[in-house]
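In terms of full-length UniProt numbering, the sequence shown opens at residue 1 and continues consecutively.
Each residue gets a CB set at the ideal place from its N, CA and C atoms; glycine is no exception.
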Amino acid sequence: MKKIFLNLIQRIRKFISWLWNQEGSPSQRALGLGVGIFSGCFPFFGLQTLMGVFLAKIFKGNSILAAVGTWISNPFTYVPLYYFNYRLGSLILNKNKNIVDIGHITTNELWFQGWYLSSRLIMGSICMGLFAGIVGGLGLYFLLKKPYHKM
1 MKKIFLNLIQ
11 RIRKFISWLW
21 NQEGSPSQRA
31 LGLGVGIFSG
41 CFPFFGLQTL
51 MGVFLAKIFK
61 GNSILAAVGT
71 WISNPFTYVP
81 LYYFNYRLGS
91 LILNKNKNIV
101 DIGHITTNEL
111 WFQGWYLSSR
121 LIMGSICMGL
131 FAGIVGGLGL
141 YFLLKKPYHK
151 M
């Protein structure tokens, strides 16, 4: 057990060292991580990394850290993250519940339900992504700007 814990600590130290040694200014690295976290909050499985790298290129952030930032959504966090995003979107757009009788559903009602659910999920993802991206980016920025002292 102790060996596993020490191995985990060593991996975390390597990751932090790798993070410190990324190319770019602290603001470019923080921006890359921030847009990556923003992109990771969306339910576009498989496209989150592409979206993060694309946004990092547009805003001149670090592309590698943008890809790392999308790891905020992974199989362990999908359900709580997207549930929270949906609830947040429902709170912003409208709380009313829209229940359809499955036995008598029409194509138009099915399309409406899809729009109803996806619009709330996307709105919540935008708001949560902005918040988490700003917090993550600013956190990394201040962490990188802080003078690093070896003991």
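| query | result |
| --- | --- |
| Status (buried if at least 16 other CB within 10 Å, exposed otherwise) for valine 68 | buried |
| Beta carbon of residue 154 nearer than 9 Å to that of glycine 40 | Absent from the structure is residue 154, since the part of the chain shown begins at 1 and ends at 151. |
| For cysteine 41, three-class secondary structure by DSSP | coil |
| Buried or exposed (CB count within 10 angstroms, at least 16 for buried), tyrosine 83 | exposed |
| Where threonine 106 falls, given that 16 or more other Cβ within 10 Å makes a residue buried | exposed |
| Asparagine 21 to tyrosine 78 span [Cα, whole Å] | 30 Å |
| Contact the region 114-131 vs the region 24-33: 3+ CB pairs below 8 Å | no |
| DSSP three-state assignment for glutamate 109, whether helix, strand or coil | helix |
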